[in-house]
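The working numbering puts the first residue of the sequence shown at 3, with every later residue one more than the last. Okay, structure first, notes after.
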Amino acid sequence: MKYRHQIFLLLLFAATSCVPLKKSIYLQGDMARHLEEVEGSYKTDKADYLVKPNDLLYIRVTSLDDRSSAFLNNESGYNAMADNPMSASLLGYRVGLDGSIDYPFLGKIYVAGLSLQEIAEKIELASSKYIDQSGAIVKLLNDHVTVMGEVKNPGRFLMNSEEITILEAVSLAGDMTDFANRENVRLIRKDGDLPQMLIIDTTDERIMYSSFFYLKPGDIIYVEPRRLKQWNLSSIPLGVGMSLVSASILLYTLFK
3 MKYRHQIFLL LLFAATSCVP LKKSIYLQGD MARHLEEVEG SYKTDKADYL
53 VKPNDLLYIR VTSLDDRSSA FLNNESGYNA MADNPMSASL LGYRVGLDGS
103 IDYPFLGKIY VAGLSLQEIA EKIELASSKY IDQSGAIVKL LNDHVTVMGE
153 VKNPGRFLMN SEEITILEAV SLAGDMTDFA NRENVRLIRK DGDLPQMLII
203 DTTDERIMYS SFFYLKPGDI IYVEPRRLKQ WNLSSIPLGV GMSLVSASIL
253 LYTLFK
């Protein structure tokens, strides 16, 4: 009878699945830096996205008379895009490794390191040689973010607006699970040749004043699990779990 407490605890332990937390966390090491180490008080202006090699751009030249700019655009392709948005990728201009795109009639145009607005102005200037009062629309086609880890529906998501915050991205993934460590959310971003990784505390309201609060195309969000994750009760079927708990209570009563 003196062992009744030990037996009870042993049965409860058997009803759980213990997995070391360290084996559940991706991207372990010393590379990640906390956001406060990078931005101090978090009061940082949001920077525009700068185009880089391998980006896919949607470009359309406009004018007062659409017929005068038609030769610079794929009109049939634009009509197909209206019926099927997925066809937009076929109309894109891929930025080469040298940072340029080859545009029909306009030739090679260097765009790497420029914002979308700056590229539009550059296209507008180049097309003014052929048409009067020209304009340009430039958008990014590879505008997606990836959300993984302790979220309900991890995956790759299209940015539904030109600006999307880290919280909006998490909401696209169905929000965080009960096992999520909201104080350790990792942002992986590739600027240049080397990626950078930041640890963001999403419970800290100051992140709203950070430039990293707004995501860039290609960003990866990884939500780490909490220590509670190692006691993975959710992996035990409800019927089996209830049976084990009932048996534990019964044995505890008998040995009491």
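We put the beta carbon where it would ideally sit given N, CA and C, even for glycine. None of these values were measured; they are calculated from a predicted model.
Using a 10 Å radius around the Cβ and a threshold of 16 neighbouring Cβ atoms, would you call residue i buried or exposed?
| i | result |
| --- | --- |
| Ala72 | exposed |
| Leu37 | buried |
| Ala49 | exposed |
| Glu226 | buried |
| Gly262 | With the chain represented from 3 up to 258, any question about residue 262 goes unanswered, as that position is not in the structure. |
| Ile121 | buried |
With DSSP as the reference, please indicate the residues paired to residue i in a beta bridge.
| i | result |
| --- | --- |
| Gly151 | Val225 |
| Lys141 | Tyr60 |
| Gln187 | This sequence places Val at residue 187; Gln is not what is there. Note: Val187 sits in a beta bridge opposite Ile202 and Val225. |
Compute the Euclidean distance between the alpha carbons of residue i and residue j, then round it to the nearest angstrom.
| i | j | result |
| --- | --- | --- |
| Ser130 | Asn75 | 14 Å |
| Thr148 | Glu126 | 33 Å |
| Gly137 | Tyr51 | 21 Å |
| Met161 | Asp145 | 6 Å |
| Asp180 | Leu189 | 20 Å |
| Glu164 | Tyr211 | 18 Å |
| Asp68 | Ile61 | 15 Å |
| Ser102 | Arg228 | 45 Å |
| Arg208 | Tyr105 | 43 Å |
| Met33 | Gly98 | 29 Å |
| Arg158 | Leu118 | 23 Å |
Assuming residue i and residue j are in contact, meaning their beta carbons sit under 8 Å apart, how far apart are those beta carbons, in whole angstroms?
| i | j | result |
| --- | --- | --- |
| Arg184 | Thr204 | 5 Å |
| Leu217 | Ala171 | 6 Å |
| Gly94 | Leu143 | 5 Å |
Is residue i near the ligand NAP, judged by its Cβ being under 6 Å from some heavy atom?
| i | result |
| --- | --- |
| Leu127 | By its list of ligands, the structure shown contains no ligand whatsoever, and the ligand NAP lies outside what it can speak to. |
message: Closer than 8 Å is the cut-off here; do at least three beta carbon pairs connect the region 57-65 with the region 109-126?
response: Result yes; three or more Cβ-Cβ pairs closer than 8 Å.
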